[in-house]
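Student:
2 protein chains.
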Amino acid sequence: MTTATEVAERAEAAASAWAALAPADRARALRAMADALEAARSELIDLARTETGLGQPRLEGELTRTIVQLRLFSDVVATGHDLDVRIDDADPGFILGPRPDLRRYRVPLGPVINFAASNFPFAFSVAGGDTASALAAGCPVIVKAHSGHPRLSDRMGEVAAAALESAGAPPGTLQVVHGQALGLELLSHPAIAAGSFTGSTGIGRMLADAAAARPAPIPFYGELGSVNPVFVTRAALDERAADIASGLAASVSGSAGQLCTKPGYVFVPEGHALDGLIAAALTEVPEHRLLTRSISTGYEEGRERLIAAGEAVREGASRVDDDGFSWVTPTVVSIPAARLLERPELVEEVFGPFAVLVEYSPDDDLTAIADALFEGSLTVTVHAAKGENVRDLLEWGAGHAGRVIMDGWPTGVSVTYAQQHGGPWPATTLDVSTSVGTAALGRFQRAVAYQSVPQDLLPAPLQDANPWGVPQRRAAAGESTSWGTR
Amino acid sequence: MTTATEVAERAEAAASAWAALAPADRARALRAMADALEAARSELIDLARTETGLGQPRLEGELTRTIVQLRLFSDVVATGHDLDVRIDDADPGFILGPRPDLRRYRVPLGPVINFAASNFPFAFSVAGGDTASALAAGCPVIVKAHSGHPRLSDRMGEVAAAALESAGAPPGTLQVVHGQALGLELLSHPAIAAGSFTGSTGIGRMLADAAAARPAPIPFYGELGSVNPVFVTRAALDERAADIASGLAASVSGSAGQLCTKPGYVFVPEGHALDGLIAAALTEVPEHRLLTRSISTGYEEGRERLIAAGEAVREGASRVDDDGFSWVTPTVVSIPAARLLERPELVEEVFGPFAVLVEYSPDDDLTAIADALFEGSLTVTVHAAKGENVRDLLEWGAGHAGRVIMDGWPTGVSVTYAQQHGGPWPATTLDVSTSVGTAALGRFQRAVAYQSVPQDLLPAPLQDANPWGVPQRRAAAGESTSWGTR
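Chains as they are written, first to last, in my numbering: chain S, 1 to 486; chain W, 1001 to 1486.
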């Protein structure tokens, strides 16, 4: 039986060597990890199908995304841009007194414990976004595997760790452990410098509280619950009702709705006539097994409560098998906005293929209703007609979410430079960060400034000779003149 | 009596208008605030002298620093660099499927509660670094004034708020409140989006816990305790013992040692012969009143405990006046490293003009001793001879502090682009950030991405026309090709 101390100390032992790699070398190790996953593709996909019930095309796409993500992070690391090197030249005439030579860059925090998600066995699991960004930042990673796909997790860990080590990473750079108790023990271990998590609000809050309660608190990046409000204007509906119905149906039913960005509450004008279109679009969706027993239970409870509170637009099938897993097809209900305002406790994330159409009247003030009903979400979406002014809704969205979408659907989160996957509580525990996209790397770094350190003793990226060729932003002497005058 | 709700709602009402100002306009408001403080200089200095006991030259310098800091932040805001605008062009050939147009920038978090410090009545108080960086980020600020200088705080608030408003800031952009209970109530108010604090570890931890325990947790940036280890090599001492003694004396006694970067534990080789030099350098230091009664009590207790545990190098005066304030001159004691290792509980921050010389033997492993004795600090300093290899000590320093200094002293924190004022717990509650320098602004921002939003509905900095002229980093279509190949 592996103990938390053994695992944490192994990660700690790897930390300085992994942190010290030159960008090109760390980038090469990330590419090696990506290539090894590609080489093991068919074995990994088979394991994932068996353990998760997700379909082959979805799993193939997800593994591709995971591999591409590693190569993207590899490219980012290779540029050295994430080090954010800043150099203040010494300035004897500095307005506040002689300024010393000061050079700052970002260094890895140290070992990270990453609690994997059930719903993305590749993209938010052992080799997923949190792992990729922490490794890219220069931190060893311990993944607490999700109990929904334990064998896949072990195999991913073996393949990835072997590739990293063969490319020069120290042993212990990537480890996989099992069990919530061990995960919690690791989160509280003094050697652990940060935590990340993707999952439910309840577990995420418990872990965030544990991280905050440590003798030495550490940053904890949890991506938790999100209802992802969508607003459809009357004019948008007049313009393209059929497109909106089919888009909604696809976004609610894809991956059996088990996505953190699934649209949960969709505002549509009274008399929208979408019911038939949506029901028709959902008819063909095959029965799908939900990922875990607890997701199944949560889904059944939430679905029943909201069906009872509204009118069924399309009541999907739902049966529980002998193993306690639900097999479901999508359900959509409609509820008048006025009723939700009377019973705001009805607003909750139902994880699975389920959505609520919130019917509003011409007199309703949508942003006021939204203010009353919603906390933070990962996304807010607006469907408008061409040229329609929806500034108020977009502004409300920017105030309550990390991503604001027009005329599209929130599922499908591209891995890019400009991506933002976060949002105010309860979407995340710390909304100053993102868990998807290249900016995710910054979660696992802190800055260190070197004052008056001779060139030969400076870390490579801070030296004038700049042997790693990283971007260096330089503040020249003499710049402070303007700060002394009106 | 002002209530927390009134204050919070006033800040909330100011938030969107302050956030919406163009960079040039917010920059102008910050300059106006700086100019108003300059215009009120003599009145403010008089108030500060009366309330804090700090000397006029120190206060003049500190007010200058505060004013310069506002102008520096004004310049930073004007560039738009802090918005970190990233644009992903739509890419139909993106490797993971068609990529939408995605544009990301950083937006203000919302109202910030800033708990002011006692030891810097200007630089870490009403118009100090936390306030300046939060205002620059676009957040309204509520300052919980320190009880050590209440009248100065009110007057600073009046002058600064009037200047901001006259330059176009909405009413409520800057408010000052008094009392710890009201401060705590505000920290827990739903309208507050972040907290900042400079002060003791005990109070800082209490506030951090309160921020983490909210129904919706918020980031809390506390700058707490620091012992700021200094390592002097034998060769450095051989080279310049007198300089080191006088530098240490000045750094320990400046502002009566009431600085978060005061060197607390200074490692010197056995047989160093510094005692006489240090005692001589400290003889002329006049008696100084400590800032508050609680600092006085803490100082007396810590000083006595450490005097009892070591040998006095120079035992300064210390008397408590009828009001409960201590009047002190500097004290330095020496303690063998071996004794500290036996009694590590002796390592603590003694806030005031006090330092410990830690005497090590030629066989001692300095980084191993430091590992055993110290958690995080704001600074680590190394004094070495010219050309001496002290890589191990510098690396240890980078792992335990936000700033690593060579051949200098940690007091005196320049306000610049490359500055880092932070460090692992207990130096700060969240070591991914800095509380001094232009990077401090980022603490009060989160990112929002806009997906497929038409040009005329995009926020100004994300538009192709770029009316604010901010830096835009652009990822072109076609870049993903290399992520699909080995």
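The C-beta atom is built at its ideal place from N, Cα and C for all residues, glycine as well.
1) Does the region 105-119 of chain S come close enough to the region 1006-1022 of chain W to have 3 or more Cβ pairs within less than 8 Å?
2) Name the one or two DSSP bridge partners that residue 1142/W has.
3) Name the chain W residues whose beta carbon is nearer than 8 Å to that of residue 375/S?
4) Output yes if chain S places a C-beta closer than 8 Å to the C-beta of residue 1467/W; else output no.
5) To the nearest angstrom, how far is the alpha carbon of residue 139/S from that of residue 163/S?
6) Keeping to the same chain, check which residues put their C-beta closer than 6 Å to that of residue 347/S; ignore five residues upstream and five downstream.
7) Short of 7 Å Cβ to Cβ, which residues in the region 116-135 of chain S face chain W?
8) Within its chain, find whatever has a CB closer than 6 Å to the CB of residue 1036/W; leave out the 5 residues flanking it on each side and keep chain order.
9) Could you confirm whether any beta carbon from chain S is found closer than 8 Å to the beta carbon of residue 1360/W?
10) Per DSSP, residue 482/S forms a beta bridge with which residues?
11) My guess is that residue 1209/W and residue 34/S are in contact by the Cβ rule of under 8 Å, so how many angstroms apart are they, rounded?
12) Leaving out the 5 sequence neighbours to the left and right, which residues in its chain are closer than 7 Å to residue 1076/W when beta-carbon positions are compared?
13) Only counting the same chain, and skipping five residues up and downstream in sequence, which positions put a Cβ closer than 7 Å to that of residue 1222/W?
14) Quick one: is residue 1501/W near chain S, going by C-beta distance under 8 Å?
15) Measuring alpha carbon to alpha carbon, tell me which of 1049/W, 1226/W and 1059/W ends up nearest residue 1000/W.
16) Assuming residue 1380/W is part of the beta strand (DSSP E), what are its boundary residues?
17) Count the other CB atoms, across all protein chains shown, that sit within 10 Å of the CB of residue 1228/W; report buried if there are 16 or more and exposed otherwise.
18) Counting C-beta neighbours from all protein chains within 10 Å, is the total for residue 97/S 16 or more, i.e. buried, or is it exposed?
19) Taking the runs of the alpha helix (DSSP H) that are 4 residues or longer, which of them lie wholly in the region 1209-1276 of chain W?
20) Taking 8 Å as the CB-CB limit, is residue 1414/W close to chain S?
21) For the region 448-465 of chain S and the region 1138-1158 of chain W, state whether three or more C-beta atom pairs, one from each stretch, are separated by less than 8 Å.
22) Beta carbon of residue 1469/W, beta carbon of residue 1168/W: below 8 Å?
23) Using a Cβ-Cβ distance cut-off of 8 Å, determine whether residue 219/S contacts chain W.
24) Would residue 1389/W be called buried (16 or more neighbouring beta carbons within 10 Å of its own) or exposed?
25) Can you list the residues of chain S that residue 1406/W reaches, using a CB-CB cut of under 9 Å?
26) Under DSSP, the alpha helix (DSSP H) around residue 1314/W begins and ends at which residues?
27) Are residue 1068/W and residue 192/S touching if we call contact CB-CB under 8 Å?
28) Between which two residues does the beta strand (DSSP E) holding residue 1449/W run?
29) If we count the other Cβ atoms within 10 Å of its Cβ and call it buried at 16 or more, is residue 1099/W buried or exposed?
30) Spatial neighbours of residue 465/S within its chain, please: CB distance less than 8 Å, with the 5 preceding and 5 following residues excluded, ordered by chain position.
31) Cα separation between residue 352/S and residue 172/S?
32) Taking just the CA atoms, how far does residue 1202/W sit from residue 1044/W?
33) Answer with yes or no whether the minimum CB distance from residue 265/S to chain W is below 8 Å.
34) Which of the residues in the region 49-77 of chain S, read from start to end, lie with their CB under 9 Å from any CB of chain W?
35) Find the residues of chain A that neighbour residue 1396/W, judging by a C-beta separation of less than 8 Å, and give them in chain order.
36) Which same chain residues end up closer than 8 Å to residue 32/S when comparing Cβ atoms and leaving out the 5 residues on each side of it in sequence?
Tutor: Straight from the coordinates:
1) no
2) Along the second sequence, read from residue 1 onward, the residue named residue 1142/W stands at position 142. DSSP output for residue 1142/W lists 1113/W and 1175/W as bridge partner(s).
3) Here residue 375/S refers to the residue found at position 375 when the first sequence is read from its first residue. Ordered by position in chain W, the residues that pass the 8 Å Cβ test against residue 375/S are 1216.
4) Position 467 of the second sequence, counting from 1, holds the residue named residue 1467/W. No, no contact with chain S.
5) To locate residue 139/S, count along the first sequence from 1; it is residue 139. To locate residue 163/S, count along the first sequence from 1; it is residue 163. Each residue's Cα considered, the two are about 16 Å apart.
6) Mapped onto the first sequence, residue 347/S falls at position 347. Answer for residue 347/S: 373, listed in chain order.
7) none
8) For the purposes of this step, residue 1036/W is identified with residue 36 of the second sequence, where counting begins at 1. Result list for residue 1036/W: 1159 and 1163, in chain order.
9) For the purposes of this step, residue 1360/W is taken as the residue at position 360 of the second sequence. Not closer than 8 Å to any Cβ of chain S, the Cβ of residue 1360/W fails to qualify, so no.
10) Here residue 482/S is taken as the residue at index 482 of the first sequence, counted from 1. DSSP output for residue 482/S lists no bridge partner at all.
11) For the purposes of this step, residue 1209/W is identified with residue 209 of the second sequence, where counting begins at 1. For the purposes of this step, residue 34/S is identified with residue 34 of the first sequence, where counting begins at 1. Going by Cβ atoms, the distance from residue 1209/W to residue 34/S rounds to 41 Å, so no, they are not a contact pair.
12) Counted from its first residue, the second sequence places residue 1076/W at position 76. Around residue 1076/W: 1082, 1136, 1438 and 1441.
13) Within the second sequence, the letter at position 222 stands for residue 1222/W. Cβ within range, chain order: 1197, 1204, 1207, 1208, 1428 and 1429.
14) Residue coverage of chain W in this structure runs from 1001 to 1486, which leaves residue 1501/W outside it and unanswerable.
15) The structure shown does not extend to residue 1000/W, since chain W is modelled only from 1001 through 1486, so no value can be given for it.
16) Here residue 1380/W corresponds to residue number 380 of the second sequence, with the count starting at 1. 1379-1383 is the span of the beta strand (DSSP E), which, as asked, contains residue 1380/W.
17) What you label residue 1228/W is simply residue 228 of the second sequence in a count that begins at 1. Burial call: buried.
18) Against the first sequence, residue 97/S aligns to sequence position 97. Exposed, since its Cβ has fewer than 16 Cβ neighbours within 10 Å.
19) 1234-1253
20) For the purposes of this step, residue 1414/W is taken as the residue at position 414 of the second sequence. So yes, residue 1414/W belongs to the interface.
21) no
22) As a first step, residue 1469/W is located in the second sequence; it is residue number 469 there, counting from the start. As a first step, residue 1168/W is located in the second sequence; it is residue number 168 there, counting from the start. No, the pair does not count as a contact, with Cβ atoms beyond the cut-off.
23) Translated into positions along the first sequence, residue 219/S becomes position 219. Yes, because at least one Cβ of chain W sits closer than 8 Å to the Cβ of residue 219/S.
24) Residue numbering aside, residue 1389/W sits at position 389 when the second sequence is read from its first letter. So residue 1389/W counts as exposed.
25) For the purposes of this step, residue 1406/W is taken as the residue at position 406 of the second sequence. What residue 1406/W touches in chain S: 450, 451, 452, 453, 454 and 457.
26) Translated into the one-based positions of the second sequence, residue 1314/W becomes position 314. Here residue 1314/W belongs to no alpha helix (DSSP H); instead the beta strand (DSSP E) covers 1311-1314.
27) The residue given as residue 1068/W occupies position 68 in the second sequence. The residue given as residue 192/S occupies position 192 in the first sequence. Not in contact: residue 1068/W and residue 192/S (Cβ atoms no closer than 8 Å).
28) Here residue 1449/W refers to the residue found at position 449 when the second sequence is read from its first residue. Element bounds for residue 1449/W: 1445-1451.
29) Position 99 of the second sequence, counting from 1, holds the residue named residue 1099/W. So residue 1099/W ends up on the buried side.
30) For the purposes of this step, residue 465/S is taken as the residue at position 465 of the first sequence. Same-chain partners within the cutoff: 455.
31) Here residue 352/S corresponds to residue number 352 of the first sequence, with the count starting at 1. Here residue 172/S corresponds to residue number 172 of the first sequence, with the count starting at 1. Answer to the nearest angstrom: the Cα atoms are 36 Å apart.
32) By 1-based counting over the second sequence, the position of residue 1044/W is 44. By 1-based counting over the second sequence, the position of residue 1202/W is 202. Going from the Cα of residue 1044/W to the Cα of residue 1202/W covers about 30 Å.
33) Counting from 1 along the first sequence, the entry for residue 265/S is found at position 265. Chain W contact via Cβ: absent.
34) 61, 64, 65, 67, 68, 69, 70, 71, 72, 74 and 75
35) Going by chain labels, chain A is absent from the structure shown, which instead holds the protein chains S and W.
36) On the first sequence, position 32 is the one that residue 32/S refers to. These residues qualify, in order along the chain: 163, 164, 166 and 167.
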